[in-house]
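Have a look at the structure below, then the notes.
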Amino acid sequence: MSTTLNNIPMIELVNVSKRFSKTLDFAGKFAKKLGMPVREEVVHAVDGVNLSVRKGEVVGLVGESGCGKSTLGRMVAGIMPATEGDIFWQGQNTANLSGAKAKLAKLQTQMIFQDPMSSLNPRLRVSDIIGEAPLVHGMVKRDQLETYVDEQMRRAGLDPSYKRRYPHQFSGGQRQRIGIARALAVQPEFLVCDESVAALDVSIQAQVLNLFMKLRQELDLTYLFISHDLSVVEHLSDRVVIMYLGRVVEEAKAEDVFNRANHPYTQSLLNAVPRIEARKKAFQVVKGEIPSPLNPPKGCHFHPRCPMAMDRCRVERPLLKEIAPGHKSACHLNDAA
Amino acid sequence: MTQTPTLEVRNLRTHFFTRAGVVKAVDDVSFTVPRGKVLGLVGESGSGKTVTGFSVMRLVDEPGRIAGGQILFKGQDLAKASEEEMRSLRGNRIAMIFQDPMMTLNPVLRIDTQMIETVQAHAKVSREEARQRARDTLGMVGIPSPDERLMSYPHQFSGGMRQRVAIAIALLHKPDLIVADEPTTALDVTIQGQILAEVQKLAAETGTSLIWITHDLSVVSGLADDIAVMYAGKVVEHGDVGEVLDTPLHPYTNGLLGSVPSRNKRGEPLRSIPGMTPSLFNLPAGCAFQARCPRAAEVCKQEPPFREWLPAREARCFIPHNVSEPGTKEQVA
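The listed protein sequences correspond, in order, to chains A and B.
Under the numbering used here, the first residue of the first sequence is numbered 1, with each subsequent residue one higher.
Under the numbering used here, the first residue of the second sequence is numbered 1001, with each subsequent residue one higher.
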């Protein structure tokens, strides 16, 4: 594990929120005029999140569907603005960055998506997909582009002789490698991987995970690894952040999360994961469904499903507090103890 | 076991006769599912696990055809059954659960319409009785306030609830066999846990046999009694779940287990399988896994037999793992 003494985090989010609202259409406005109970629907996709990723660190971001982990990833990668809060790139507020600096911050953060088929242009050859951005940004001269692309492909485990092919001529795992090669071609320091191995078969997934680990060592990369798969996150991450309905509920070193989970949601999530070691065991069950983010429960979002919910959980939002060095959890139970 | 098993598949071959050539999606597959037991059918995409499930249901479409073998359901050969016989079995004695419940459910009909129709298709009961049975079954799979939910449309359910409805429909006639094709793959972990718990309970209570098709070894490990691992249209290993996962015989099973992140030490490289699944159009002669296999030898260019290496443990390999005495390279060659 690379430990840098650099105290300034690679990226830091301070109280960041993202709201999506559906404005009323004409019929809706008309109905409202007539006194019908229609209102603009607002989804709090991300609700007051603080997160920092240090240089050289791999942070795993875990949560179930609709918890806002992808939205958060997109804001970190700078492809979606935050509704509220500040995002600091190496100590500087991204909102105040201008010109060349803003461009550099964006270039140095690259994203790798879940479905390579929808994130690769089907009408471009692989050499163009990988070579376009470095050429545009002046990182490589046109006459050296060929060798540059070859090098990027080789590093991602692709045969450079395939560079005249189109994305559809590759298998799923290879396509994911093209996505990785494209992201690395602009020499980023920070990669945001949004469910990057979720769609792959187990044996291919293992190959891509190994590639991520190899690249981390070779290029000293920092990762924000977003996944719903706890075992993948456990394997890769130094630190793990657990989200539930737009809020961070727990944050700690990977060992702490998997051995000493504090938040009831994290505990039930870990219980629900099927493991190979567990033979013929009765599956542990968290009751209830994930509530709609349109209308989340008051207080602690998890209280309707929590086996330990108290009256206080129904009204007051628990804050993310440090319960042990480097281990934060948002649960009222920690105050009682 | 003295009683006839619920399902016995012998040397099943399902081939697709396409213009580009014959694709042997299922090629010489045999397995048995005893009454009340769960068989986990595991494989990666394109291994033929879904086509095997479809063949049992006789749902393989043109240009696919069952080209050989027997599918003995309580002694009756489904491979030779007429379409009429199949209709009276499907949804009645054998049911199927699909990965995407939105495909099983009709989006423009209410749940009660769909469930009552299913009940009345196979049982001579009044509408009221059928409704009663539908409601009871919904309650059984853990759907709260089933009376109200019967009046809903599929889109008003969440993903997990929709899958429960699909399971309830499969259970309406208390079938002897359920073929479940990746039913929890699209669901969140906590919801998957709930469904697995329900299924486990139901299988134990009703004595229904299950074929659970999945790519996820860890799901099978908790749920199944037996496991069959498929690769390129063939079952490469079969046996008791615990034994197969602890001491895999086939190098492919071994490689799959090595690829699972939680089995490895944190941060260390995974023991992945090199290369990728071969195209079914041009499989190599002999063992289909040889190009990716760390133990491949000259002998693997011949077709390996599906043989019992340990008691009740079969594998399709010349040089299996975890077998001490036979099968070393020298002896076979």
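The beta carbon of each residue, even a glycine, is placed where N, CA and C say it ideally should be.
Residue burial classification, M1230(B) (beta-carbon count within 10 angstroms, cutoff 16): M1230(B) counts as buried, since no fewer than 16 other beta carbons sit within 10 angstroms of its beta carbon.
Test: R1019(B) CB closer than 8 Å to a CB of chain A: No, R1019(B) lies away from the interface with chain A (no Cβ there is under 8 Å from its Cβ).
Chain A contact residues for I1227(B), given Cβ-Cβ distances below 7 Å: Going along chain A, no residue has its Cβ under 7 Å from I1227(B), so there is no contact; the nearest lies around 11 Å.
Euclidean distance between Cα positions of K101(A) and M1276(B): Cα-Cα distance, rounded: 42 Å.
Residue burial classification, Q217(A) (beta-carbon count within 10 angstroms, cutoff 16): Q217(A) is exposed by the Cβ-count criterion.
Euclidean distance between Cα positions of D1216(B) and M36(A): If I take the Cα positions, the gap works out to 49 Å.
Where the segment 226-249 of chain A meets chain B: residues whose CB sits under 9 Å from a CB there: For the segment 226-249 of chain A, the set of residues with a beta-carbon nearer than 9 Å to any beta-carbon of chain B comprises H228, D229, L230, S231, V232, V233, E234, H235, L236, S237, D238, in chain order.
Spatially closest choice to L215(A) from G1267(B), A1204(B), T1208(B), by CA coordinates: Of the listed residues, the one whose Cα sits closest to L215(A) is G1267(B).
Beta-carbon spacing of A206(A), S1045(B) below 8 Å: No, the pair does not count as a contact, with Cβ atoms beyond the cut-off.
Between the CA atoms of A199(A) and G1258(B) - distance to the nearest angstrom: As the crow flies, the alpha-carbon of G1258(B) is around 19 Å from that of A199(A).
Meets three-Cβ-pair contact criterion under 8 Å: the segment 261-277 of chain A and the segment 224-243 of chain A: At 8 Å Cβ cutoff, the stretches touch.
Short CB-CB distance (under 8 Å) between C331(A) and chain B: Among the residues facing chain B, C331(A) is not included, as its CB has no counterpart in that chain under 8 Å away.
Proximity of M153(A) and K141(A) at Cβ, strictly below 8 Å: Against a cut-off of 8 Å, the Cβ pair of K141(A) and M153(A) comes out as no contact.
Anticipated Cβ contact below 8 Å, S231(A) with S1262(B), distance rounded: Their Cβ separation, rounded to whole angstroms, is 4 Å, which keeps S231(A) and S1262(B) in contact under 8 Å.
Within-8 Å CB hit, D201(A) to chain B: Interface with chain B (8 Å Cβ-Cβ cutoff): D201(A) is included.
Residues that Y1153(B) bridges to, as DSSP identifies them: BP columns for Y1153(B) are empty, so no partner.
Run of the alpha helix (DSSP H) containing A105(A), from where it starts to where it stops: Looking at the DSSP string, the run of the alpha helix (DSSP H) that includes A105(A) is 99-108.
Among P1034(B), L1059(B), G1064(B), I1195(B), nearest to A1168(B) - alpha-carbon criterion: Nearest C-alpha to A1168(B): I1195(B).
Residues of the segment 1299-1324 of chain B with Cβ closer than 7 Å to any Cβ of chain A, in chain order: Residues: none.
Contacts around K1174(B), its chain only, beta-carbon distance under 8 Å, and the 5 residues preceding and following it disregarded: Here K1174(B) has T1206, T1208 as same chain residues with Cβ atoms under 8 Å from its own Cβ, once five neighbours each way along the sequence are excluded.
Contact the segment 1183-1201 of chain B vs the segment 1087-1105 of chain B: 3+ CB pairs below 8 Å: The segment 1183-1201 of chain B, when compared against the segment 1087-1105 of chain B, does touch it at the 8 Å Cβ threshold.
Cβ pair A95(A), S17(A) closer than 8 Å: No, these two residues do not count as a Cβ contact at 8 Å.
Contact with chain A by K1329(B), beta-carbon distance below 8 Å: Residue placement at K1329(B) cannot be trusted, given a pLDDT of 42 that sits under 50; what the coordinates show is reported in the next sentence. No, K1329(B) lies away from the interface with chain A (no Cβ there is under 8 Å from its Cβ).
Backbone secondary structure at D1226(B) - three-state DSSP: Assignment of D1226(B) by DSSP, reduced to helix, strand and coil, places it in the strand class.
Chain B within 8 Å of S268(A), Cβ atoms only: By this cut-off, S268(A) is an interface position.
According to DSSP, residues forming a beta bridge with S1209(B): DSSP links S1209(B) through a beta bridge to L1177(B).
Contacts around Y1153(B), its chain only, beta-carbon distance under 8 Å, and the 5 residues preceding and following it disregarded: In its chain, beyond the 5 residues on either side, P1107, V1108, L1109, R1110, I1111 have a beta carbon closer than 8 Å to the beta carbon of Y1153(B).
Under 8 Å between C-beta atoms of L1172(B) and T1118(B): A contact, by the Cβ cut-off of 8 Å.
N-terminal and C-terminal residue of the beta strand (DSSP E) that C313(A) is part of: Taken as a continuous stretch (DSSP letters only), C313(A) belongs to no beta strand (DSSP E), being part of the alpha helix (DSSP H) at 311-315.
Assigned secondary structure, E41(A) (DSSP; H/G/I helix, E/B strand, else coil): Annotated three-state conformation of E41(A) is strand, per DSSP.
Counterpart residues of F1073(B) in DSSP-defined beta bridges: Looking at the DSSP assignment, F1073(B) forms a beta bridge with L1007(B), Q1076(B).
For Y148(A) and G131(A), the rounded distance between their alpha carbons: If I take the Cα positions, the gap works out to 8 Å.
Partners in chain A for R1149(B), counting only beta-carbon separations shorter than 8 Å: Using a Cβ-Cβ cut-off of 8 Å, R1149(B) is close to nothing in chain A; its nearest Cβ partner there is about 13 Å away.
Chain B within 8 Å of Q187(A), Cβ atoms only: Q187(A) does not count as touching chain B.
Near-chain A residues of the segment 1257-1276 of chain B - C-beta to any C-beta below 8 Å: Cβ contacts with chain A: L1257, G1258, S1259, V1260, P1261, S1262, R1263, N1264, R1266, G1267, P1269, L1270, R1271, S1272, I1273, P1274, M1276.
Beta-carbon proximity check, S1030(B) vs V1009(B), cutoff 8 Å: Note that the C-beta distance between S1030(B) and V1009(B) is below 8 Å.
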